[in-house]
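First up is the structure itself, then whatever we jot down about it.
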Amino acid sequence: MYSEKVMDHFQHPRNMGEIEGASGVGTVGNAKCGDIMRIYLDIDENQIIRDVKFKTFGCGAAVATSSMATELVKGKNIQEAMQVTNKAVMEALDGLPPVKVHCSLLAEEAIHAALWDYAQKNGIEIEGLEKPKSDIHEGEEEEEEEY
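Structure representation (structure tokens):
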């Protein structure tokens, strides 16, 4: 069901933890499955991501996508980090089962949310960056529940 890379990043996550006084912090969630992902960025004066950490509450795929996403943005400048998509995270993990694709979306959104926080703190605009959603399903029509 899961690739060897997914299992490796789940069992041996990279960059787990938090950064005190981070340049940018982004938190996103998925109300439908309960996953919550927080990404911390340490960005230097040249807009290079010196360090990145994550904290994720969720399934193995959520932990693995968080881990891989941090690996993909570490050492990159903020424009390069903007190019890290959920598809790139999935490809780097050699794929995800269809029911777990939302985890890679969380990873992309968490990176964008942390970059948004950094931009807000520094009064700058990052090309192509839009205000992040706190829930990846925000804006979708709610399904009415009958009781």
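Each residue of the sequence shown is one higher than the one before, starting from 399 at the first, in our numbering.
Don't be surprised by glycine CBs; every beta carbon is placed ideally from N, CA and C.
Residue i versus residue j: straight-line alpha-carbon distance, rounded
i      : j      : result
ASP433 : GLY473 : 26 Å
ASN484 : ILE447 : 19 Å
SER464 : GLN445 : 21 Å
GLU523 : PRO495 : 35 Å
SER502 : ILE441 : 23 Å
GLY422 : MET399 : 34 Å
VAL603 : ASN428 : Any property of residue 603 remains undetermined from this structure, which presents the chain solely from 399 to 545.
PHE455 : ILE476 : 25 Å
VAL450 : GLU418 : 11 Å
GLU528 : ALA517 : 11 Å
CYS457 : HIS500 : 11 Å
PRO530 : GLU402 : 31 Å
GLU469 : LEU513 : 16 Å
ALA420 : ARG436 : 12 Å
ASP515 : GLY424 : 7 Å
HIS407 : GLY493 : 13 Å
PHE547 : LEU504 : There is simply no residue 547 to check, as the chain begins at 399 and stops at 545 in what is shown.
ILE534 : LYS519 : 23 Å
Residue range of the beta strand (DSSP E) that includes residue i
i      : result
MET399 : Careful: MET399 lies outside any beta strand (DSSP E) and carries neither H nor E.
ASP515 : Segment 499 to 520 is the alpha helix (DSSP H) holding ASP515; no beta strand (DSSP E) there.
VAL426 : 422 to 428
VAL450 : 447 to 455
Beta bridge counterpart(s) of residue i as assigned by DSSP
i      : result
ASP442 : None; ASP442 has no bridge partner.
ASP533 : GLY427
MET405 : Note: MET405 sits in no beta bridge, so no partner.
Where the alpha helix (DSSP H) containing residue i begins and where it ends
i      : result
ASN413 : Counting along the chain, ASN413 falls outside any alpha helix (DSSP H), and DSSP gives it neither H nor E.
GLY458 : 458 to 471
GLN481 : Run containing GLN481: none; DSSP gives neither H nor E here.
Whole-Å CB distance - residue i paired with residue j, under 8 Å assumed
i      : j      : result
SER532 : VAL404 : Their Cβ separation, rounded to whole angstroms, is 26 Å, which puts SER532 and VAL404 out of contact at 8 Å.
Check whether the stretch 474 to 490 and the stretch 501 to 514 touch, using three or more Cβ-Cβ pairs below 8 Å as the test. yes
Touching or not, the stretch 482 to 491 and the stretch 423 to 437, by the rule of three or more beta carbon pairs under 8 Å? no
Within the chosen definition, does the stretch 399 to 412 reach the stretch 454 to 461 through at least 3 CB pairs nearer than 8 Å? yes
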